[in-house]
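Numbering (my numbering), first residue to last: 26 to 236. By construction, the Cβ of each residue, glycine as well, lies at the ideal position given by its N, Cα and C atoms. Below is one structure; the comments refer to it alone.
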Amino acid sequence: MILSERDILYDFIKFHNINEQLLIDELMEYSSISYLKKGDYLIKENSYIKLLKIVIKGRVRVYQENEDKEILIYYLETMETCTLSLSACFGNCKSNVNAVAETDATILNIPVHKVNGWSFEYKSWHNFTIDTFRHSYSELIFNYSKLAFDPLRERLLDYLIKNSDQNIVQLSHAQLARELGTTREVVSRLLKKIELEKKIVLGQKTIKILT
Numbered sequence: 026m027i028l029s030e031r032d033i034l035y036d037f038i039k040f041h042n043i044n045e046q047l048l049i050d051e052l053m054e055y056s057s058i059s060y061l062k063k064g065d066y067l068i069k070e071n072s073y074i075k076l077l078k079i080v081i082k083g084r085v086r087v088y089q090e091n092e093d094k095e096i097l098i099y100y101l102e103t104m105e106t107c108t109l110s111l112s113a114c115f116g117n118c119k120s121n122v123n124a125v126a127e128t129d130a131t132i133l134n135i136p137v138h139k140v141n142g143w144s145f146e147y148k149s150w151h152n153f154t155i156d157t158f159r160h161s162y163s164e165l166i167f168n169y170s171k172l173a174f175d176p177l178r179e180r181l182l183d184y185l186i187k188n189s190d191q192n193i194v195q196l197s198h199a200q201l202a203r204e205l206g207t208t209r210e211v212v213s214r215l216l217k218k219i220e221l222e223k224k225i226v227l228g229q230k231t232i233k234i235l236t
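Structure follows, in structure tokens:
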């Protein structure tokens with residue numbers, strides 16, 4: 026079933042318990058829906074934030090890029106938005122992260138000039154803002170802890186398990202290296218060792234997890 030833009034917006038309103046009629050009316054008037062294909066950018070680093078983008082359906086990867094490495098910040102899932110973009114709504118700021126669709130995604134777009142006042146005018150939007158900051162902060166601390174304290178081998182295995190589809194991961198060694206913030210050579214060596222332990226089978230841009 027294909028949902029209309031109105032139905033999509035009502036799903037968001039219901040999910041986040043938005044109950045002020047004036048806010049609902051404003052959402053109906055000013056918001057829009059867009060659709061991303063896998064690999065499309067939701068946000069680009071150093072671009073000004075003009076629209077608050079909320080993931081209605083799909084998965085989006087938020088990361089920072091430094092030379093040839095990418096550092097994962099967190100993932101956006103259903104009904105979530107990027108905290109760093111939300112904070113940029115309160116000033117004419119540039120984004121300091123990239124956000125790319127990991128899957129096809131449905132996005133709710135709200136002009137930032139409307140978002141600025143809603144947190145002060147409407148309790149339900151204030152709650153949405155606070156909940157977003159809390160959740161993203163927890164995700165950030167979790168990912169930082171794994172980066173700081175977990176051995177790379179364990180992070181690699183954990184990533185493969187979490188991102189497999191029927192025990193198959195379709196990523197190149199270079200893509201895995203970017204995900205984990207390391208080099209392709211390091212990832213390739215680790216994967217070879219894990220394969221010798223008979224925990225995975227390496228293919229051409231595929232990795233099979235053995236159970």
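Taking its Cβ as the centre, do 16 or more other Cβ atoms sit within 10 Å of residue i, making it buried, or is it exposed?
| i | result |
| --- | --- |
| E105 | buried |
| V80 | buried |
| V226 | exposed |
| L235 | exposed |
| E204 | buried |
| E210 | exposed |
| E95 | buried |
| R178 | exposed |
| R214 | exposed |
How about residue i and residue j: are their beta carbons less than 7 Å apart?
| i | j | result |
| --- | --- | --- |
| L109 | V125 | no |
| E45 | S149 | yes |
| I186 | K233 | no |
| E30 | Y99 | no |
| P176 | Y55 | no |
| V212 | L221 | no |
| S112 | I68 | no |
| T157 | G83 | no |
| L76 | N134 | yes |
| Q195 | T154 | no |
| I38 | I58 | no |
| Y147 | L52 | no |
Going straight from the alpha carbon of residue i to that of residue j, what length do you get?
| i | j | result |
| --- | --- | --- |
| K62 | A130 | 7 Å |
| V87 | L101 | 7 Å |
| I219 | N71 | 38 Å |
| D183 | Y169 | 15 Å |
| K223 | F167 | 29 Å |
Helix or strand or just coil, what does DSSP make of residue i?
| i | result |
| --- | --- |
| L133 | strand |
| N71 | coil |
| T231 | coil |
| E4 | This structure does not reach residue 4, given that the chain is present from 26 up to 236, and the question cannot be answered. |
Indicate, with yes or no, if the ligand SAM has a heavy atom lying under 6 Å from the CB of residue i.
| i | result |
| --- | --- |
| S163 | As presented, the structure is devoid of all ligands, the ligand SAM included, so that no description of it is given. |
Quiz item: In chain order, which continuous runs of the alpha helix (DSSP H) of length 4 or greater are located wholly inside the stretch 104-183?
Solution: Qualifying alpha helix (DSSP H) stretches, in chain order: 108-113, 137-146, 148-174.
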